[in-house]
Amino acid sequence: MKTIRIEDLPEDVRPFEKYRKQGINLLTDAEILALILRTGTKNLNCMELCRKVLESSGGTLAGLYGKTEAELCKISGIGPIKAVEIIAVCELARRISKSRRSYDEQLDTAAKISERYMEEMRHFKEEHVLLLLLDIKCRLIKELTISIGTINQSFLRPREVFIQALKHEAVNLVLIHNHPSGDPTPSKADIWITDKIIEVSELIGIPLVDHIIIGDCCYISFREKGLADFKIKK
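Sequential numbering from 222 applies to the sequence shown in the numbering used here.
Printed below as a string of structure tokens:
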């Protein structure tokens with residue numbers, strides 16, 4: 222039996238025809254994915270395959286983010302070519318989101334910062350620590366990934382924070398890291414390292430103004446929660 226293509230489906234259920242008649246906003250996640258994959262298998266038509274792919278990712282397109290080729294190929298009907306197509310679409314979405322970031326925006330609240338980085342960081346399967354180097358008005362000078370750890374532990378060295386801060390002439394600093402578990406509650410290690418960096422920052426004169434932990438569509442700000450004694454330049 223030959224592979225079932227979108228063109229082989231009845232016209233009223235073809236995603237492309239539906240897009241032409243109703244617009245992209247009315248397509249389901251499975252229909253959008255079908256526009257990319259285009260073909261099914263000898264046992265599943267394209268729409269059935271796409272629904273199966275989404276079921277494997279918790280029912281959402283976001284669940285596909287970060288999946289490896291090997292993980293995707295474990296889904297019956299997904300081979301290397303379709304797996305790479307899915308990975309490429311996820312990466313395209315990430316790059317579009319990142320390209321919209323403005324360096325002129327004032328990152329002076331935890332809400333603004335978490336909104337800017339939430340969608341990317343909440344999908345990481347390991348802890349990533351991001352250092353934001355800010356000017357006097359809390360506008361971004363540079364963002365740097367300074368640590369990538371295991372599923373529940375990052376490896377952050379305070380020395381690296383201040384080497385970068387001095388190198389780029391930062392006036393304020395913000396740390397962001399994710400919890401792959403989805404729960405942004407700080408660990409004892411998170412609190413300890415924050416206090417240590419604040420201590421060093423007071424000696425060097427480049428204050429840490431917040432440490433934000435990203436969970437799954439949620440965050441915790443050390444500054445908002447009063448979890449550390451931040452000294453902020455006026």
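Ideal Cβ placement from N, Cα and C applies to all residues, glycine included. Computed from a predicted structure; not experimentally measured.
- DSSP lists ARG360 as the bridge partner or partners of GLN327.
- Counting along the chain, the unbroken alpha helix (DSSP H) around ASP250 starts and ends at 250-258.
- By a beta-carbon distance limit of 8 Å, ILE414 does not contact ALA449. Their separation comes to about 10 Å.
- Beta-bridge pairing by DSSP links LEU353 to GLU364 and VAL395.
- Remark: fewer than three beta-carbon pairs, one from each stretch, lie closer than 8 Å, so the region 343-361 and the region 291-302 are not flagged as touching.
- Scanning VAL382, LEU275, HIS400 and LYS409 for the CA closest to the CA of MET339 turns up HIS400.
- With respect to the C-alpha of ILE308, the residue from GLN243, SER318 and ILE257 having the closest C-alpha is ILE257.
- CA-CA distance, ILE425 to ARG337, rounds to 28 Å.
- Taking 8 Å as the cut-off, the Cβ atoms of VAL395 and LEU353 count as close.
- Membership of VAL382 in the alpha helix (DSSP H) is indicated by the continuous run 379-388.
- Between SER442 and ASP431, the beta carbon gap of about 6 Å places them in contact (Cβ cut-off 8 Å).
- In the structure shown, ILE433 adopts extended strand secondary structure according to DSSP, grouped into three states.
- If the five residues before and after LYS358 are omitted, its C-beta is found closer than 7 Å to the C-beta atoms of GLN327, all from its own chain and listed in chain order.
- Per DSSP, SER402 lies in no alpha helix (DSSP H) segment and is marked neither H nor E.
- Leaving aside the five residues that flank ALA304 on each side, the residues in its chain whose CB is nearer than 6 Å to its CB run, in chain order, GLU290, LEU293 and CYS294.
- By the CB criterion at 8 Å, LEU355 and VAL382 fall outside the cutoff.
- Counting other Cβ atoms within 10 Å of its Cβ, CYS438 stays below 16 and is therefore classed as exposed.
- DSSP, read as helix, strand or coil, puts ILE369 in strand.
- The beta carbon of GLU252 sits closer than 6 Å to the beta carbons of PRO236 from its chain, once the five residues preceding and following it are set aside; these are given in chain order.
- In the same chain as VAL234, and ignoring 5 residues on each side of it, the C-beta atoms closer than 8 Å to its own belong to MET268, in chain order.
- With a 10 Å radius around the Cβ and a threshold of 16 neighbouring Cβ atoms, LEU247 comes out exposed.
- In summary, ALA410 is exposed, with fewer than 16 beta-carbon neighbours lying within 10 Å of its beta-carbon over all protein chains present.
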